[in-house]
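Each residue of the sequence shown is one higher than the one before, counting from 6 in the working numbering.
The structure under discussion appears below in the form of C-alpha cells.
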Amino acid sequence: MINRELINPQSIVVVGGSNNIHKPGGCIVRNLLDGQYTGNLYVVNTKEDDVQGVKSYRSVEDIPETEMAILAIPSPACPKVVEILAKQKKVRAFIVISAGFGEETPEGGRLEEQMLQSINEVGASLIGPNCIGLMNMNYHGVFTKPIPEFHADGVDFISSSGGTALFIIESALTKGLRFSSVWSVGNSKQIGVEEVLEYMDRTFDPILDSKIKMLYIEQIKDPDKLLYHAASLIRKGCHIAAIKAGSTEVGKRAASSHTGAIANSDSAVEALFRKAGIVRCFSREELTTVACIFTLKEVKGKNCAIITHAGGPAVMLADALEKGRLNVPKLSGPIATELKSKLYPGAAVGNPIDIIGTGTPEHLATVIDYCENRFENIDLMMVIFGSPGLVKLYDAYEVLHKKMEECKKPIFPVLPSIVTAGPEVKSFIKKSHVNFSDEVTLGTALSRVINTPKPMSTDVQLQDVNILEVRQIIEDLPNSGYLFPKDVRRLLRAAHIPLVEEIASTDCDELLAFARKVKFPVVAKVVGPVHKSDIGGVALNIRSEEHLRFEFERMIRLPDVKAVMVQPMLKGQELFLGAKYENRFGHVVLCGLGGIFVEVLKDVSYGLAPLSYEETFSMIRSLRGYPIIKGTRGQKGIDEQLYADIIVRLSTLLRFATEVKEMDINPLLATENGLFVVDARIRIEK
C-alpha cells in the first residue's frame, strides 16, 4: 500500500546514517539535507552522537515517534529493526535500500518475509528492499546521484532497477527533461511498478499531477493490473513510455508451429503495451527521447517539415521518418518559390528546407512562419541547428524559443552542438525546453509515439461465438495434445469461423467419392504428423482419381499417419492466424500474411485476447504487408472486415478456452468467395 507517510513524510529516520558520505547511509543523509527536507530528521548510528549536524541515536528504541524510516544496514539486522519501528515508533513508511534478501539466497527471502509481515501488520508501506530509494518534490530519500530537478510538471519515473534508473536519469538530464518523482522499487516485495501505477491512477489530479510516466520494467508480475491502470491513466490524459527488459528467449527451442516459433513472452509484452496504449522503447536514449516528445505540443498528423542548415543530418532524419511510416512531403508551387526568394542563393525549400550554413536567425524565423501559416500539408516541424561558426547561436536559439511558444504546430529542436555550443544549448534548455541532440533517435522515437494506438477496449465480443458449445467441446475431449481434424473443425465452427470443405479417412473410396463431389483438382494431406511437408505428407493440384489413389497409398504408409485428408484446391491470398497462451498474460493472438511473410519475414502483429474491432484493425494495418491486404498494383484487395471478424471471433473463443495453449491457422485463404481456413492445428492442455 502507498500512503501519505511514504509520499510526504513529516519526519524521517535514517537507520545506518553516517558521517562518511561515501557510504550509503551517509549519502542518504547528505541528499536529504541538500534537498532541504523540511521535516524532522533523525539518524540512528551505534557509534555517533552527531551525523552531519543531525542528532544521532545509538538505537532505534531511543528515537521519537517517526513517520518514515530509511534503512541502510546489513540485511540480517533489518527484520528486528523494522519490527521495533513499526510497532513501537509508529513508522508507517519504509524504504529498505539494503541488499542480501530474496534476490540472493533463500535465507534472504525468509528475512524479507519477516520484514514484510511486521510492515503489513500495521498497514505500513514498503519500498524495496535492494533499491536506491525514492525521491520527489518533498524529499530525496536515495543514496545515489545524480539528483534531478523536481517540478510538478516533470516526469514520474518508476524503475525495477536502481542502477539502470541512474543511467536513465543521466540520459534525461542531458536533454533537459525534468522529473516529478523517481521510484526505485527493487525487489518489489510489497510495492512494484504495477502498484505505483495503481496509486497514480487512483489519486490522479488532472491539474496538479504529472501527465508523463516513464517505466523501466524487469518483470511484469501482474499484467492485468498494469494493463488496467496504464490504460486508465492514458485515457485521463497521461502519456506512458516503457522499457521491458529481459523479454527475449536465449537460444532456439523446438516449435511445433509457426505460432510457437514466433510467439514468446516478448510477444505478450508487445501485445499488452499495444492494448494499454504504452509506447514501447528499447533503450535508455529512446525512452528519454519519447518522454521529451511528450513534453511538447501534441502531434496531430504525420507530415513533417525538416528545417536545417546542414544537409546530411536532414537526410538521415528524413530516412528515419520514412522508415517509421511518417511523411516528409515535397513542398513546391508558388508558396515554395516565394519562400526561396526570401533565403540566400543556394537554399533549398523542397523539404528538407536547407537555409545553408550562412543562413541567419531571421531566415530560420521566416521558414518556421511559412511552415506554420502557409504550408497546409505540414503538421510539425523539426529544426536542426548546430554551430556552423557563422551565426550567433544565442540569437538563433532565441528565435527557436519564441517560435516554440507561439506556434500551434509542434516544433522539435535538434541542437547537436552540445560541446562547441554547450553554453548556448544550456541557456535554451533553461527556458523549460528539451533538446534532441540526435536526429535519427528523434525520428525513430517520434514514429513509435505516433504509431502507438490509443488504449483498447477489453470488452469481449460475444456475437457469433457459441460459448456453451465451445466449453462442451473442450470438456468432451479425452486427452491433452493436438486435436484431431474433426475436433478442430467443431471448435472453429462454434466460433463461426469459415472452413474449407474436407474429409479425413482411411478409406480411399470414401476420399474418391468426396473428390468427385467437390470436383478436381484437390489437395491431399496426411493426418497425424505435425510437420506434414517435412515427410512428404502434402500433395497439391491432384487432377484425377488415379493420381489421388496413388497419393493415398503412398501417404498412408508414412510414419505416424492416422488418415489422409482431402480438400478442394482453392486459389487466393494466403493469410496467417495464430495464438499462444502465455502464463499470467493469457492468449497472444498473431495475424499476418501467410507464406514467405510469416515463414521468413516474420511479418506479424500481436494482440492480447480478447480483441476489440478497433484493436484488430490496428493490428492488420500495422503489418508491413498491409498494402497487399488493401490491394496494390491493380491486384484486388482482401475483405478486411471479414478478416477482422474472424480474428475477433477467434480471440473470443480463446477467452473461454484457456485449455488451448497453441493454435496455428495457416493458411487462412482469401478467395473470391470469402475467407476459409484451409489448415489448422490446435494443441490443448487439460
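Just so it is clear, CB atoms sit at the ideal spot from N, CA and C, and this is done for glycine as well.
None of the values given here were measured: they were computed from a predicted structure.
| Asked | Found |
| --- | --- |
| Assign residue 381 to one of three DSSP states: helix, strand, or coil. | coil |
| Taking Cβ positions, are residue 209 and residue 187 nearer each other than 8 Å? | no |
| If you follow the alpha helix (DSSP H) that residue 34 is part of, which residue opens it and which one closes it? | 29-39 |
| The alpha helix (DSSP H) with residue 171 in it runs from where to where? | 167-180 |
| From the DSSP secondary-structure annotation, give me the bridge partner or partners of residue 291. | None, per the DSSP bridge assignment. |
| Taking residue 669 as part of the alpha helix (DSSP H), name the residues at either end of that continuous run. | Not the alpha helix (DSSP H): residue 669 falls in the beta strand (DSSP E), residues 665-676. |
| Locate the alpha helix (DSSP H) running through residue 286, then write down its first and last residues. | It is not in any alpha helix (DSSP H) - residue 286 instead sits in the beta strand (DSSP E) that spans 284-286. |
| Tell me whether residue 317 sits in a helix, a strand or coil according to DSSP, three-state version. | helix |
| So, helix, strand or coil for residue 353, using DSSP? | strand |
| Looking at the structure shown, is residue 243 part of a helix, part of a strand, or coil, going by DSSP? | coil |
| At the level of alpha carbons, what is the spacing between residue 246 and residue 295? | 7 Å |
| Along the chain, where does the alpha helix (DSSP H) containing residue 556 start, and where does it finish? | 550-560 |
| Mapping DSSP to helix, strand and coil, what is residue 688? | strand |
| Verify whether the separation of the beta carbon atoms of residue 675 and residue 580 is less than 8 Å. | yes |
| Could you give the residue range of the alpha helix (DSSP H) that holds residue 186? | First-last for residue 186: 184-189, but that is the beta strand (DSSP E), not the alpha helix (DSSP H). |
| If you drop the 5 nearest sequence neighbours on each side, which residues of the same chain put their C-beta closer than 7 Å to that of residue 429? | 398, 399 and 402 |
| Can you name, in chain order, every residue of its own chain whose Cβ lies under 7 Å from the Cβ of residue 335, other than the five neighbours on each side? | 355 and 356 |
| So the candidates are 182, 226, 243 and 227; which of them puts its Cα closest to the Cα of residue 212? | 243 |
| Tell me which residue opens and which closes the beta strand (DSSP E) that residue 113 is part of. | From DSSP, residue 113 is part of no beta strand (DSSP E) but of the alpha helix (DSSP H) over 111-126. |
| For a test of the three-state rule: what should DSSP assign to residue 84, helix, strand or coil? | helix |
| So what does DSSP say about residue 222, is it helix, strand or coil? | strand |
| Under a three-way DSSP split, which group does residue 682 fall into? | strand |
| At which residues does the alpha helix (DSSP H) containing residue 74 begin and terminate? | First-last for residue 74: 73-76, but that is the beta strand (DSSP E), not the alpha helix (DSSP H). |
| For residue 406, report the span of its alpha helix (DSSP H) as first-last. | 398-411 |
| Are residue 722 and residue 419 closer than 8 Å when you measure CB to CB? | This structure cannot settle anything about residue 722, because the visible part of the chain is limited to 6 through 691. |
| Between which two residues does the alpha helix (DSSP H) holding residue 456 run? | 444-456 |
| How far does the alpha helix (DSSP H) with residue 656 in it reach, from first residue to last? | 645-660 |
| Could you check what DSSP says for residue 234 in three-state terms: helix, strand or coil? | helix |
| Less than 8 Å separating the beta-carbons of residue 38 and residue 57? | yes |
| Look at the alpha carbon of residue 233 and the alpha carbon of residue 54, and state the distance between them as a whole number of angstroms. | 49 Å |
| Mapping DSSP to helix, strand and coil, what is residue 69? | coil |
| Give a yes or no on whether the C-beta atoms belonging to residue 47 and residue 18 are separated by under 8 Å. | yes |
| Along the chain, which unbroken stretches of the alpha helix (DSSP H) at least 4 residues long are found entirely within the stretch 516-593? | 550-560 |
| Alpha carbon to alpha carbon, how far is residue 667 from residue 223? | 26 Å |
| With DSSP run on the structure shown, which of helix, strand or coil describes residue 19? | strand |
| For residue 98, name the three-state secondary structure that DSSP assigns. | strand |
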